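Student: Numbering (full-length UniProt numbering), first residue to last: 1 to 108.
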Amino acid sequence: MRREWSDFLGPPRRAISLPVSRPPLQPPTEPQPISLPQHLKLPGTVPRTEVEEGEECAVCMEMAKNAILFPCGHQDLCIGCAEHIKNNGGTCPVCRHKIQAVQQVKRR
């Protein structure tokens with residue numbers, strides 16, 4: 001004796017439709033003005049140093065990574081960009097944790 005799925009599931013049921021509540025649409029917000037770290041504000045103010053590939057700051061891409069962010073511990077920024085982001089209430093560009101402190105470190 002061959003059985004069908006309907007023998008196990010019973011007769012088909014009608015779908016129940018429930019009202020869907022959606023939050024009201026908000027108008028787009030104005031973008032905030034971008035401010036730059038001090039060492040990037042004027043042309044020629046970034047010291048030209050040779051930075052090995054992969055060792056450059058993730059923000060300015062000019063200076064060597066030489067800062068550690070707290071509490072997350074990421075070390076992907078130069079001290080100028082790290083201080084600028086911290087002083088403007090920013091978050092780590094890698095993990096988005098709020099930056100509470102920055103310390104300069106020596107790189108090998």
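All residues carry an ideal CB built from backbone N, CA and C; glycine is no exception. Just so it is clear, the structure is predicted and the values come from calculations on it, not from any experiment.
What does DSSP give as the partner residues of Ala58 in its beta bridges?
Tutor: DSSP lists no partner for Ala58.
Student: DSSP three-state call for Ala82: helix, strand or coil?
Tutor: DSSP places Ala82 in helix when its eight states are reduced to three.
Student: When burial is assigned at 16 or more other CB atoms within 10 Å of the CB, is Lys98 buried or exposed?
Tutor: Exposed is the call here.
Student: How would you write the range of the beta strand (DSSP E) that Val102 sits in, first residue to last?
Tutor: Run containing Val102: 101-104, per the beta strand (DSSP E) assignment.
Student: Among the residues of its own chain, which have a CB less than 7 Å from the CB of residue 130, if the five just before and after it don't count?
Tutor: Lying before the first or after the last residue shown, residue 130 is absent from the chain, which here runs from 1 to 108.
Student: Find the nearest neighbour of Ala101 within the set Asn87, Arg107, Leu9, Val94, judged by alpha-carbon distance.
Tutor: Comparing Cα-Cα distances from Ala101 to each of Asn87, Arg107, Leu9, Val94, the minimum goes to Asn87.
Student: How many whole angstroms separate the CB atoms of Gln26 and Ala67, which I take to be in contact at a CB cut-off of 8 Å?
Tutor: In fact, because the Cβ distance is near 36 Å, the residues do not count as touching under 8 Å.
Student: Suppose contacts are defined by Cβ-Cβ distances below 8 Å. Is Pro37 in contact with His84 by that definition?
Tutor: Contact: yes.
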